[in-house]
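Notes to accompany the following structure.
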Amino acid sequence: MNAFLTKETRQRLARAHALQWGLLLLATLLLLAYVGPYLLNQDPLAVDFDQALLAPSLTHLFGTDDLGRDVLARVVHAAATDLQIALVCVLLPFAIGTTIGLLSGYIGGWVDAVLMRLVDILWAFPFYVLVIAIVGSMGPSIGNMYLAFTLVIWISFARIVRGEVLLVKNAEYIQAAKVLGYSQLRIVLRHVLPNVITPAIVFMMADVVLTILAVTSLGFLGLGIQPPTPEWGVMISEGRNFILDAWWISLFPGLAIVYVGITFALLGDGLDDFLRPKA
Amino acid sequence: MITSTSQALLEVSNLQTRFYNQHQAITAVDGVSFEIRQGEVFGLVGESGCGKSATCRSLLRLFGGADARVSASHIRFDQIDLATLSEEQLSNVRGRQISMVFQDPMTALNPTMRIGEQIAEALRRHDGLSGQPLRDATIALLKAVGVTSPQERLRAWPHEFSGGMRQRVLIAIALACKPRLLIADEPTTALDVTIQDQILKLLLRMRREIGLSVLMVTHDLGVVAQTCDRVAVMYAGRIVESGDTRQLFRNPTHPYTQALLAALPTLSGPRHKLKPIGGEPPNLADLPSGCRFHTRCPQAVERCRVEDPQLRHVAPGHLSACIRQEEWAC
C-alpha cells in the first residue's frame with residue numbers, strides 16, 4: 001500500500017470516513033460476488049421440489065423458493081450479474097456523456113446549441129418510459145439493456161460536465177494556459193477535464209444505485225435478465241406470489257439491493273470529499 | 001505621432017478594441033499607440049475600466065469568452081505584425097515570445113495540478129526537456145523566483161501556497177519559455193504591500209538578469225514610480241499622456257495626470273488635503289463630445305466640449321493630449 005500511495009493521499013484517505021466505509025462494503029460485496037459462489041458450492045439452478053418453500057434454517061440460511069432452489073446461492077450468484085450490468089450501464093454513458101459535455105461546453109456556439117437541444121429532447125421523456133420503450137421494442141437482452149441505458153443516461157453526464165466546463169473555461173488558469181500557447185487538446189484534457197470531472201464521478205456513484213434499481217425493476221417486469229438466471233429483480237418478482245407464506249424469497253434479494261445502494265452512496269459521498277481539492 | 005526607435009521591441013499603432021454584446025458595441029480601446037523598447041519596463045496606468053487591461057489582452061487576443069474585435073494599423077513585435085497573424089500563428093507567439101502574469105494569483109493556477117508539474121509543463125513545451133534535467137530546470141526556476149526549499153515544493157498543490165508564493169510560481173511559469181516580453185496585468189493588486197514590494201523587485205531582477213521587457217498594467221502610481229522607465233496614462237480608452245516616468249511625475253501636463261498625482265498622499269513636503277477627482281469616468285457606450293475628460297476637468301473651457309484633442313509633443317519623448325497645452329506653451 002505504501003509503495004504506490006503517497007503520504008498525502010493516505011492522509012486524505014484517513015480523513016474521508018465515508019469513503020473508507022464505502023470501500024470496506026465494496027470489498028465485501030466483490031468478495032461475496034466473485035468468491036462466494038465457490039465457497040457456497042450450491043447450484044443456484046438446482047430444482048428440488050421436496051425442498052420447496054423451506055423457511056431459513058441451518059441447511060438453507062436464506063430458505064428455499066417455490067422450486068426448492070437455495071435462495072442464498074441465488075442471491076450470491078446474482079450479485080456478479082447485477083454488478084456487471086450496473087457498471088457497464090453506468091460506465092458507457094459516463095464516458096460518452098462526459099466527452100459530449102466537455103466538447104459541447106468548450107467549443108460552444110452552434111455545436112453546443114445542437115447538442116443541448118438533443119439533450120433537452122431526451123430529457124423530456126421520463127427515464128423508465130424511455131428505457132422500457134427501447135428494451136420492449138428491441139426485445140429483452142443484455143445488449144439491448146446496455147444500449148437503452150447508454151442512450152438514456154448519457155444526457156445526465158453531458159449536462160453535469162457541460163455546466164462545469166462553462167464555469168471553468170473562462171477561469172484565469174485556463175486563460176493562463178492559453179497565454180502559454182498550449183494546444184487546445186492539451187488545455188481540454190489537462191486543464192479543463194480534471195477540474196470538471198469530480199461531480200460526474202460523484203454522480204456516477206449515485207447513478208450506480210439508480211441503475212441497479214432500474215436493472216432489477218426491468219427484471220421484475222420481465223424485460224431484463226430472463227429466468228432462470230438468478231437476478232435480484234427477477235427473484236423479488238417471483239417471490240411476490242408467496243410474500244405472505246415465504247417472505248424470505250423476496251426479502252433477501254431486496255436486502256442485497258439495499259446493501260449495494262448503501263455501498264455506492266457511501267462511495268459517492270466519500271469520493272466527493274476525497275477528490276475535491278481543498279481551497 | 002510617436003517616433004519609432006530602432007530598439008523598439010513592440011510597436012502598437014492605432015489599436016482599437018471593441019466589445020460586443022446583444023445590445024451594444026463598446027469601444028474599450030480607441031486608437032492607442034505606444035512602443036516598448038528592449039529591456040524596458042513600460043507602465044500603462046489609469047482608473048478601472050479605462051481600457052488598460054483590454055489593451056494588453058488585445059496584444060495576444062485573449063478575452064476569456066467575451067466577444068471582442070481587435071483592429072490596428074499594426075502591432076509590430078520584432079518584425080512580425082501580430083495584428084495579421086491567425087489564431088494558430090498567434091498561439092506560437094504566446095508563451096514563447098510574449099507571456100503574461102495575471103492579477104489574481106489565487107485563481108490563475110490550475111487547482112488540480114501540482115506546482116512542479118505546472119512549471120514543468122511549460123518547460124517541457126519550450127525546451128523539450130524530460131526526466132532529471134526537467135526536474136532540475138523546474139527546481140532552478142522555482143529558486144530563481146525566490147521560492148524557498150524548491151525540492152519539497154514541487155509536489156505541493158496550489159491551495160497550499162499563499163498569494164505571494166503563487167504569484168512567484170506564476171511568474172516562474174510565465175518565464176519558463178523565456179519570453180522577450182512579459183505582460184504583467186496588475187500583478188500586485190491582489191497582494192499585500194510587503195509582498196507587492198517583493199514581487200516588483202523580482203520582476204525588476206528578471207529584467208536585469210535576462211533582459212526581459214515588461215508591460216506593467218496598474219492603477220497604482222506607486223508601482224509605476226517604483227518600476228517603470230516610461231509610462232502612458234489612459235483615460236476612457238485613450239492614452240492622454242505618455243513619457244519618461246520621472247519627467248511625467250515631475251511635470252505632468254495633462255489635467256487628468258495632474259489630478260491623479262494630486263490625489264496621492266505624500267510623505268515629504270507640507271501637509272495638504274488630498275484632492276479626489278470629482279465625478280466618475282464616462283460610460284464608454286455614451287462618451288462626452290470633444291475631450292473625454294472635459295466633464296471632470298477643472299481647467300475645461302468651451303473649446304474642450306467640441307474639439308477632440310490629439311497627442312502632441314510637449315517635450316522630447318513627452319506627449320500630452322490637451323488642447324489647452326498649446327495656450328500654455330505660448
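If you read the sequences in order, they're chains V and E.
Position 5 of the first sequence, counted from 1, bears residue number 5 in our numbering, the numbering being contiguous throughout.
Position 301 of the second sequence, counted from 1, bears residue number 301 in our numbering, the numbering being contiguous throughout.
Note that beta-carbon positions come from the ideal geometry of N, C-alpha and C, so glycine has one too.
In angstroms, rounded to a whole number, what distance separates the CA positions of residue 252 (chain V) and residue 44 (chain V)? Numbered from 1 along the first sequence, position 252 holds the residue referred to as residue 252 (chain V). Numbered from 1 along the first sequence, position 44 holds the residue referred to as residue 44 (chain V). Residue 252 (chain V) and residue 44 (chain V): Cα-Cα distance of roughly 14 Å.
Supposed close pair residue 7 (chain V), residue 65 (chain E) - CB separation, criterion 8 Å: What you label residue 7 (chain V) is simply residue 7 of the first sequence in a count that begins at 1. What you label residue 65 (chain E) is simply residue 65 of the second sequence in a count that begins at 1. Not really, about 39 Å apart at Cβ, beyond 8 Å.
Using CA atoms only, rank isn't needed, just tell me which of V:233, V:114 and V:148 is closest to residue 89 (chain V). If you number the first sequence from 1, residue 89 (chain V) lands on position 89. Selected option, being the one with the closest Cα: V:148.
Can you tell me which of the three DSSP states residue 138 (chain V) falls into? In the first sequence, the residue the question calls residue 138 (chain V) occupies position 138. Correct three-state label for residue 138 (chain V): helix.
Between which two residues does the alpha helix (DSSP H) carrying residue 303 (chain E) extend? The sequence position of residue 303 (chain E) within the second sequence is 303, counting from 1. 302-306 is the span of the alpha helix (DSSP H), which, as asked, contains residue 303 (chain E).
Please determine, among E:184, E:281 and E:271, the residue with the shortest C-alpha to C-alpha distance to residue 297 (chain E). The residue given as residue 297 (chain E) occupies position 297 in the second sequence. Of E:184, E:281 and E:271, the residue nearest in Cα terms is E:281.
Could you pull the start and end residues of the beta strand (DSSP E) that residue 234 (chain E) belongs to? For the purposes of this step, residue 234 (chain E) is taken as the residue at position 234 of the second sequence. Looking at the DSSP string, the run of the beta strand (DSSP E) that includes residue 234 (chain E) is 230-235.
For residue 158 (chain E), count neighbouring Cβ atoms within 10 angstroms of its own Cβ and tell me buried if that reaches 16, exposed if not. Here residue 158 (chain E) is taken as the residue at index 158 of the second sequence, counted from 1. Residue 158 (chain E) should be labelled buried.
Express the C-alpha separation of residue 115 (chain V) and residue 266 (chain E) in angstroms, rounding to a whole number. For the purposes of this step, residue 266 (chain E) is identified with residue 266 of the second sequence, where counting begins at 1. For the purposes of this step, residue 115 (chain V) is identified with residue 115 of the first sequence, where counting begins at 1. So the alpha carbons of these two residues sit roughly 60 Å apart.
If I measure Cβ to Cβ from residue 18 (chain E) and keep anything under 6 Å in the same chain, skipping five residues before and after, which residues do I get? Position 18 of the second sequence, counted from the first residue, corresponds to residue 18 (chain E). So the qualifying residues of the chain are 25, 27 and 69.
Going by beta-carbon coordinates alone, are residue 271 (chain E) and residue 289 (chain E) separated by less than 8 Å? The residue labelled residue 271 (chain E) in the question sits at position 271 within the second sequence. The residue labelled residue 289 (chain E) in the question sits at position 289 within the second sequence. No; because the gap between Cβ atoms is not below 8 Å, this pair is not in contact.
7 Å Cβ shell around residue 30 (chain E) - same chain, five flanking residues per side excluded: Residue mapping note: residue 30 (chain E) aligns to position 30 of the second sequence, counting from 1. Contacts found: 16, 237 and 238.
Got a sec: is the Cβ-Cβ distance from residue 195 (chain V) to anything in chain E below 8 Å? Start at 1 with the first residue of the first sequence, and residue 195 (chain V) comes out as number 195. With 8 Å as the cut-off, residue 195 (chain V) counts as an interface residue toward chain E.
If you measure from the beta carbon of residue 100 (chain E) to each beta carbon in chain V, is any gap under 8 Å? Reading the second sequence from its first residue, position 100 is the one you call residue 100 (chain E). Yes, residue 100 (chain E) counts as interfacial toward chain V.
Return the CA-CA distance between residue 74 (chain V) and residue 199 (chain V), expressed in angstroms with no decimal places. Within the first sequence, the letter at position 74 stands for residue 74 (chain V). Within the first sequence, the letter at position 199 stands for residue 199 (chain V). In a straight line, the C-alpha of residue 74 (chain V) is about 35 Å away from that of residue 199 (chain V).
Please report the straight-line C-alpha distance between residue 85 (chain V) and residue 127 (chain V), rounded to a whole angstrom. Within the first sequence, residue 85 (chain V) is the residue found at index 85, counting from 1. Within the first sequence, residue 127 (chain V) is the residue found at index 127, counting from 1. Straight-line Cα distance between these residues: approximately 17 Å.
Compare the C-beta of residue 162 (chain E) with all C-beta atoms of chain V and state if any pair is closer than 8 Å. Residue 162 (chain E) sits at position 162 when you count from the first residue of the second sequence. Residue 162 (chain E) does not count as touching chain V.
Residues that residue 179 (chain V) contacts on chain E, provided the C-beta gap is smaller than 7 Å: If you number the first sequence from 1, residue 179 (chain V) lands on position 179. In chain order: 60, 62, 94, 95, 99 and 100.
Tell whether a beta-carbon distance below 8 Å holds between residue 19 (chain V) and residue 264 (chain V). Here residue 19 (chain V) refers to the residue found at position 19 when the first sequence is read from its first residue. Here residue 264 (chain V) refers to the residue found at position 264 when the first sequence is read from its first residue. Going by C-beta atoms, residue 19 (chain V) is not nearer than 8 Å to residue 264 (chain V).
Suppose you measure from the CA of residue 42 (chain E) to the CA of residue 118 (chain V); what does that come to, to the nearest Å? Counted from its first residue, the second sequence places residue 42 (chain E) at position 42. Counted from its first residue, the first sequence places residue 118 (chain V) at position 118. Straight-line Cα distance between these residues: approximately 51 Å.
What's the call for residue 178 (chain V), buried or exposed, on a 16-neighbour Cβ count within 10 Å? Position 178 of the first sequence, counting from 1, holds the residue named residue 178 (chain V). It is buried - the Cβ of residue 178 (chain V) has at least 16 other Cβ atoms within 10 Å.
Counting along the chain, where does the alpha helix (DSSP H) carrying residue 225 (chain E) start and finish? Taking the first residue of the second sequence as 1, we reach residue 225 (chain E) at position 225. 221-227 is the extent of the alpha helix (DSSP H) around residue 225 (chain E).
Since residue 95 (chain V) sits in a beta bridge, which residues does DSSP pair it with? One-based indexing of the first sequence puts residue 95 (chain V) at position 95. DSSP lists no partner for residue 95 (chain V).
C-alpha gap between residue 314 (chain E) and residue 268 (chain E), whole angstroms: Counting from one through the second sequence, the residue named residue 314 (chain E) turns up at place 314. Counting from one through the second sequence, the residue named residue 268 (chain E) turns up at place 268. For residue 314 (chain E) and residue 268 (chain E), the distance between alpha carbons rounds to 28 Å.
Give the single residue among E:226, E:321 and E:317 whose Cα lies nearest to the Cα of residue 310 (chain E). Translated into positions along the second sequence, residue 310 (chain E) becomes position 310. Cα-wise, what sits closest to residue 310 (chain E) is E:321.
What does a CB cutoff of less than 6 Å around residue 272 (chain V) pick up in its chain, not counting 5 residues either side in sequence? In the first sequence, the residue the question calls residue 272 (chain V) occupies position 272. These residues qualify, in order along the chain: 202.
Test item: CB-CB of residue 168 (chain E) and residue 193 (chain E) under 8 Å: Taking the second sequence and counting its residues from 1, one reaches residue 168 (chain E) at position 168. Taking the second sequence and counting its residues from 1, one reaches residue 193 (chain E) at position 193. No. Outside cutoff.
Rounded C-alpha distance that separates residue 157 (chain V) from residue 101 (chain V): Indexing the first sequence from 1 puts residue 157 (chain V) at position 157. Indexing the first sequence from 1 puts residue 101 (chain V) at position 101. Each residue's Cα considered, the two are about 7 Å apart.
Between residue 74 (chain E) and residue 206 (chain V), what straight-line distance do the alpha-carbon atoms span, to the nearest angstrom? Sequence index remark: in the second sequence, residue 74 (chain E) carries index 74 (1-based). Sequence index remark: in the first sequence, residue 206 (chain V) carries index 206 (1-based). Rounded to the nearest angstrom, the two C-alpha atoms are 56 Å apart.
Those runs of the beta strand (DSSP E) which lie wholly inside the segment 94-169 of chain E and span at least 3 residues: 98-101
Quick check on residue 172 (chain V) - is its C-beta less than 8 Å from some C-beta in chain E? Sequence index remark: in the first sequence, residue 172 (chain V) carries index 172 (1-based). It does; some Cβ of chain E falls within 8 Å.
Could you tell me how far apart the beta carbons of residue 186 (chain E) and residue 217 (chain E) are, in whole angstroms, since I believe they sit closer than 8 Å? Taking the second sequence and counting its residues from 1, one reaches residue 186 (chain E) at position 186. Taking the second sequence and counting its residues from 1, one reaches residue 217 (chain E) at position 217. Sure, about 6 Å apart at Cβ, within 8 Å.
Going by C-alpha to C-alpha distance, which of E:224, E:229, E:303 and E:285 sits closest to residue 260 (chain E)? By one-based count along the second sequence, residue 260 (chain E) stands at place 260. When each option's Cα is compared against that of residue 260 (chain E), the closest is E:224.
Positions along the segment 18-44 of chain V whose CB lies within less than 9 Å of some CB in chain E: none
Checking 8 Å against the spacing of the C-beta atoms, do residue 182 (chain E) and residue 99 (chain E) come in under that value? Looking up residue 182 (chain E) in the second sequence gives position 182. Looking up residue 99 (chain E) in the second sequence gives position 99. Yes, the Cβ-Cβ distance between residue 182 (chain E) and residue 99 (chain E) is below 8 Å.
Would residue 11 (chain V) pass as an interface residue toward chain E - the criterion being a Cβ-Cβ separation below 8 Å? Position 11 of the first sequence, counted from the first residue, corresponds to residue 11 (chain V). Chain E contact via Cβ: absent.
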